[in-house]
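Sequential numbering from 1 applies to the sequence shown in the UniProt record's numbering. Structure first, commentary second.
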Amino acid sequence: MKIERGIFIHYKELVKPISLRQYDAAIARLVHYPEKREEMIIERGKLAAGYRGQLAFDYYLRLIQNESCYVLHNIRLRLNDAFFQMDTLLLTNRFLLIIEVKNVIGDLIFDFEFQQLIKDRESTREIYNCPIQQVMNQHQKLQHWLRLNKMVNIPIYSIVVLTNPKCFIKEVKGDRNFIKSKLMRSSRFNIFFVGLTNSVSNEVLMDRETNQLAKRFVQYHTPQILNIYERHDISQQTISHGVICHDCQYFFTLYSPNSTCPTCSRPQKSLIHQNVSDYSLLVSPTFTNVEIRNFLNVPSRYTMKRLLKSSPQVKYSSSTYHHPLHD
Ligand SMILES: [Zn+2]
Numbered sequence: 001m002k003i004e005r006g007i008f009i010h011y012k013e014l015v016k017p018i019s020l021r022q023y024d025a026a027i028a029r030l031v032h033y034p035e036k037r038e039e040m041i042i043e044r045g046k047l048a049a050g051y052r053g054q055l056a057f058d059y060y061l062r063l064i065q066n067e068s069c070y071v072l073h074n075i076r077l078r079l080n081d082a083f084f085q086m087d088t089l090l091l092t093n094r095f096l097l098i099i100e101v102k103n104v105i106g107d108l109i110f111d112f113e114f115q116q117l118i119k120d121r122e123s124t125r126e127i128y129n130c131p132i133q134q135v136m137n138q139h140q141k142l143q144h145w146l147r148l149n150k151m152v153n154i155p156i157y158s159i160v161v162l163t164n165p166k167c168f169i170k171e172v173k174g175d176r177n178f179i180k181s182k183l184m185r186s187s188r189f190n191i192f193f194v195g196l197t198n199s200v201s202n203e204v205l206m207d208r209e210t211n212q213l214a215k216r217f218v219q220y221h222t223p224q225i226l227n228i229y230e231r232h233d234i235s236q237q238t239i240s241h242g243v244i245c246h247d248c249q250y251f252f253t254l255y256s257p258n259s260t261c262p263t264c265s266r267p268q269k270s271l272i273h274q275n276v277s278d279y280s281l282l283v284s285p286t287f288t289n290v291e292i293r294n295f296l297n298v299p300s301r302y303t304m305k306r307l308l309k310s311s312p313q314v315k316y317s318s319s320t321y322h323h324p325l326h327d
């Protein structure tokens, strides 16, 4: 987390979302249930496409030049009993900008009248929620959230950015000018941002306050952890136990803290880190030595202890290990 006066500050970095990491861990360990595995691979594909879109759009965010601007990725906030998530939130001392990033390929029909996005590709039609409506909902929720938390009254803007050059906008249904003001390809974003900055002349916040607001968002952020079992109607027992090498998908018994993968010789450090991370993603981020040993089938308590000690991500307190999940 970098805090300094500058032209561009990546305040909350873009990292691989926890949900995507959960799917990676589950798919690798769902070896005896091919149908469920297939179902998960499809779900994972959708999440991965979204993440790839965000990575691609990050290039344009890094071109922002005109003023101190904080960039926060994947901020998820609680509002009453529910949560709302914003793909990208930009903070300047004049306004906030919510950006919904869409990475879709195909012929698109934006039907704002009936709040749907229709995607035709290779003779199949898929219907999604209208992203313009989605970002407008986020806009409203953010306004409400700022008010409830007694934070500054600052103008909010919201847009949808299409990141995939292979999407073709075939038709828009609804107020064409309004849709055009809300929807753009990533290549237009920087011109739009300069225009928006010039049109909002009033500086609502001092630099220190913008920084404080960015800090508050990160403080209030709650990462999304999926209940993958409920979602796919499987029990936790379907997940294969043991130490797995995520490079070659080989399961094996780890007898010594210095062991490497018997087939591809992957080094022990990254191996154990990923397996502890699997437990954290699929079972619980808090565990005892015996719990994680049962999951990873590590026979020796001392081997496990040494491995956990060598992993910088694992913290130990009151006889319990913690491997917190961040995104
Ligand atoms: Zn291996």
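Just so you know, even glycine gets a beta-carbon here, dropped at the ideal spot from N, CA and C. What you are looking at is a predicted structure, and each value in this text was computed from that prediction instead of being measured.
Item	Value
Here's the rule I'm using: 16 or more other beta-carbon atoms within 10 Å means buried, otherwise exposed. How should Ile64 be labelled?	buried
Starting from the Cα of Ser123, find the closest Cα among Val31, Arg52 and Gly106 and give me that residue.	Gly106
Hey, is Asp207 close to ligand 1, as in C-beta under 7 Å from one of its heavy atoms?	no
Alpha carbon to alpha carbon, what distance is there between Ala48 and Asn103?	10 Å
In whole angstroms, give me the CA-to-CA distance for Tyr23 and Ile127.	23 Å
Which two residues bound the contiguous beta strand (DSSP E) that contains Glu230?	That residue, Glu230, is in no beta strand (DSSP E); its alpha helix (DSSP H) goes Ile228 to Arg231.
State yes or no: is the C-beta of Cys245 nearer than 7 Å to some heavy atom of ligand 1?	yes
So what does DSSP say about Asn198, is it helix, strand or coil?	helix
Quick one: does the C-beta of Thr263 sit closer than 7 Å to a heavy atom of ligand 1?	yes
DSSP three-state call for Phe189: helix, strand or coil?	helix
Would DSSP call Phe178 helix, strand or coil?	helix
Might you give, ordered along the chain, the residues of its own chain that have their beta carbon closer than 6 Å to the beta carbon of Leu308, omitting 5 neighbours on each side?	Val314 and Tyr321
Tell me whether Arg29, by its Cβ, gets closer than 7 Å to a heavy atom of ligand 1.	no
Have a look at Ser259 and Leu14 and give me their C-alpha separation to the nearest angstrom.	33 Å
Is Arg188 near ligand 1, going by C-beta to nearest heavy atom under 7 Å?	no
Indicate the three-state DSSP secondary structure (helix, strand or coil) for Met1 in the structure shown.	Residue placement at Met1 cannot be trusted, given a pLDDT of 43 that sits under 50; the coordinates are not used to answer.
For Arg293, which residues of its own chain have a beta-carbon under 6 Å away from its beta-carbon, when the five flanking residues on both sides are left out?	Met304
Tell me which residues share the same chain as Leu72 and place their Cβ nearer than 6 Å to its Cβ, disregarding the 5 neighbours each side in the sequence.	Tyr11, Lys12, Leu89 and Phe217
Check whether the segment 159–170 and the segment 182–194 touch, using three or more Cβ-Cβ pairs below 8 Å as the test.	yes
State the start and end residues of the unbroken alpha helix (DSSP H) segment that holds Asp207.	Asp207 to Tyr220
Would you identify the three-state DSSP class for Thr238, choosing helix, strand or coil?	helix
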